[in-house]
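In what follows, a structure is listed as structure tokens, so that the remarks can point back to it.
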Amino acid sequence: MIQDELSKALANVKTPNDVEQIRIRYLGRKGIITNLAKETDFGKLSPEEKKDFGQKLNRLKNFATDRIQEALNRLTAQNTATATVQTHRLIDLTVPGSAGSLGALHPISMVQMELEEIFEGMGFTVLDSPEAETEFNNFESINIPSDHPARDMQDTFWLKNDMVLRTHTSSNQVRALKRFGAPFRGIFPGRCFRYESIDPSHENTFYQCEGLMVDRGISVANLIGVMKTLLSEMFKREVKVRLRPGFFPFVEPGFELDLNCLFCGGSGCPTCGDGWIELIPCGLTHPKVLEFGGIDPREFSGFAFGLGLTRLAMMKYGIRDIRYFNSGDVRFYEQFAPII
Ligand code: PHE
Numbered sequence: 262m263i264q265d266e267l268s269k270a271l272a273n274v275k276t277p278n279d280v281e282q283i284r285i286r287y288l289g290r291k292g293i294i295t296n297l298a299k300e301t302d303f304g305k306l307s308p309e310e311k312k313d314f315g316q317k318l319n320r321l322k323n324f325a326t327d328r329i330q331e332a333l334n335r336l337t338a339q340n341t342a343t344a345t346v347q348t349h350r351l352i353d354l355t356v357p358g359s360a361g362s363l364g365a366l367h368p369i370s371m372v373q374m375e376l377e378e379i380f381e382g383m384g385f386t387v388l389d390s391p392e393a394e395t396e397f398n399n400f401e402s403i404n405i406p407s408d409h410p411a412r413d414m415q416d417t418f419w420l421k422n423d424m425v426l427r428t429h430t431s432s433n434q435v436r437a438l439k440r441f442g443a444p445f446r447g448i449f450p451g452r453c454f455r456y457e458s459i460d461p462s463h464e465n466t467f468y469q470c471e472g473l474m475v476d477r478g479i480s481v482a483n484l485i486g487v488m489k490t491l492l493s494e495m496f497k498r499e500v501k502v503r504l505r506p507g508f509f510p511f512v513e514p515g516f517e518l519d520l521n522c523l524f525c526g527g528s529g530c531p532t533c534g535d536g537w538i539e540l541i542p543c544g545l546t547h548p549k550v551l552e553f554g555g556i557d558p559r560e561f562s563g564f565a566f567g568l569g570l571t572r573l574a575m576m577k578y579g580i581r582d583i584r585y586f587n588s589g590d591v592r593f594y595e596q597f598a599p600i601i
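Under the working numbering, the sequence shown has 421 at position 160, and the numbering climbs by one with no breaks.
See below:
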């Protein structure tokens, strides 16, 4: 049988040239298969016989062509494999490898994630919120009407459609109260913007994390309790805090919460000056804010605080210059990559 002979011949080939020789022997101009057609006297065949013969001949040709191609493919694959093995022999396994580079979370993301976990543990919901705000949410609804001097402190970026790049995350207080009602416990972390000249401690783009808790009978004691829990968890030790009066139109009374300096323990050092670090503005929610949120201030009271996320990250990681955060300088971010 021609097929068997061909297959046997192809099984022993070593080079593409061997295959070519076989191709010529079977399919070449004077090849065995080609000759079959030439040697047949078609004139003597009936139409049926012609047809039958033609089909068989074609099948044979296809069979031969396919087997030959397969043999060639097999040889190429073997050659590549051999070549690879040979190249690998040239590799010096004793040369030290080069480590791939790993990405890192931004220090602000890390602090934010940690905060979220701590607050979730205290039953707070974490809410995402828009950076472009209505004037109502950013100012009006939290008791900063357009003629209020507090607006001067936040002279800022206005958009052409009269919206504003939020100057603080307090812009979500009334939005949240309207949506969820009371009692409510939530934090709103996010990016804020102010028209500022930039220096080591001022940025036009920074992060805050607002917190709001509204319920029956909420007092300053609850505010201090939550803040102390937060800071102790964050800095992994008992912390001392103090409240000083502070003014913000949306809280009454309003405070500046100071943290007893973690570097010197309160005796005074270059970082804190007098032993205290001004950290969290806060206070009891102004009745007008509750009313704007559709909550009856005679039934409910609450507290709010505005954590400087950027500030917190600076303290936690000992970052001296706020401008690093948005610098895009990989050397800064790389320092926060996990060590492997
Ligand atoms: N929104 C204030 C600021 O950015 C901070 C603040 C929040 C104060 C909540 C009191 C209560 O300056």
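Where is the CB? At the ideal position from N, CA and C, for every residue including glycine.
C-alpha distance - residue i paired with residue j, whole-angstrom precision
i, j, result
"F516", "G544", "5 Å"
"K596", "W537", "For the sequence presented, residue 596 should be read as Gln rather than Lys. Q596 and W537: Cα-Cα distance of roughly 28 Å."
"L429", "I352", "Note on identity: in this sequence residue 429 is His, with Leu being the wrong assignment. Distance between the alpha carbons of H429 and I352 is about 58 Å."
"N340", "A272", "16 Å"
"F508", "L376", "25 Å"
"M424", "V481", "34 Å"
"K291", "A342", "36 Å"
"C533", "R412", "29 Å"
"P461", "Y585", "9 Å"
"T301", "T345", "50 Å"
"M374", "G589", "21 Å"
"D519", "V356", "55 Å"
"T276", "A338", "12 Å"
"N587", "Y456", "16 Å"
"A598", "H367", "9 Å"
"G527", "V500", "11 Å"
"T466", "T571", "10 Å"
"E392", "S407", "20 Å"
"F445", "L473", "7 Å"
"N521", "G358", "48 Å"
"K269", "L354", "43 Å"
"T395", "S362", "42 Å"
"I285", "A325", "11 Å"
"V372", "E552", "33 Å"
"Q594", "V387", "The amino acid occupying residue 594 in the given sequence is Tyr; Gln does not appear at that position. For Y594 and V387, the distance between alpha carbons rounds to 26 Å."
"G304", "I283", "31 Å"
"Q347", "R581", "55 Å"
"F418", "R427", "8 Å"
"I293", "L318", "11 Å"
"F441", "F385", "13 Å"
Closest Cα partner of residue i within the set the options
i, options, result
"L267", "P531, A332, A342", "A332"
"R505", "P461, E513, Y468", "E513"
"G382", "I448, R559, F467", "I448"
"K497", "G529, L551, E300, K577", "K577"
"C525", "P410, D535, L518", "D535"
"R592", "I263, G364, I285, G315", "G364"
"M262", "Y287, A565, P277, L523", "Y287"
"G478", "M495, G289, G563, G451", "G563"
"R335", "D279, Q316, K317, I379", "D279"
"S431", "F385, G451, R440", "G451"
"D389", "Q434, R581, V274, L321", "Q434"
"L492", "L568, I459, L306, F397", "L568"
"E378", "D416, E494, P531, P558", "E494"
"F454", "D416, L523, R320, S307", "D416"
Residue i classed as buried or exposed, judged by whether at least 16 other C-beta atoms fall within 10 angstroms
i, result
"C470", "buried"
"I541", "buried"
"E464", "buried"
"G554", "buried"
"Q330", "exposed"
"A574", "buried"
"S402", "buried"
"H547", "buried"
"N296", "exposed"
"A360", "exposed"
"A437", "buried"
"P510", "buried"
"Q264", "exposed"
"L420", "exposed"
"F397", "exposed"
Own chain partners of residue i with C-beta closer than 6 Å, once the 5 adjacent residues on each side are dropped
i, result
"A443", "V475, I556, F561"
"G529", "D535, G536"
Spatial neighbours of residue i in its chain, beta-carbon cut-off 8 Å, leaving aside the 5 residues before and after
i, result
"M488", "V502, L518, I541, C543, F566"
"G289", "T295"
"R328", "L267, S268, L271"
Own chain, CB closer than 7 Å to residue i, minus 5 neighbours either side, in chain order
i, result
"K549", "N404"
"L523", "F496"
Residue ranges of each beta strand (DSSP E) run of no fewer than 3 residues wholly in the segment 517–601, ordered along the chain?
Correct list: 537–546, 562–569.
Which runs of the alpha helix (DSSP H) spanning at least 4 residues fall entirely within the segment 388–422, listed in chain order?
Residue ranges of uninterrupted alpha helix (DSSP H) with 4 or more members, entirely inside the segment 388–422 and ordered along the chain, are 396–399, 411–414.
I'd like the ranges of any beta strand (DSSP E) spanning at least 3 consecutive residues and lying wholly in the segment 430–457.
Every beta strand (DSSP E) of 3 residues or more that sits fully in the segment 430–457 is shown, in chain order, as 445–454.
Starting from the N-terminal side, write out each stretch of the beta strand (DSSP E) that is 3 residues or longer and does not extend beyond the segment 284–317.
Given a length threshold of 3 residues, the segment 284–317 has no whole run of the beta strand (DSSP E) inside it.
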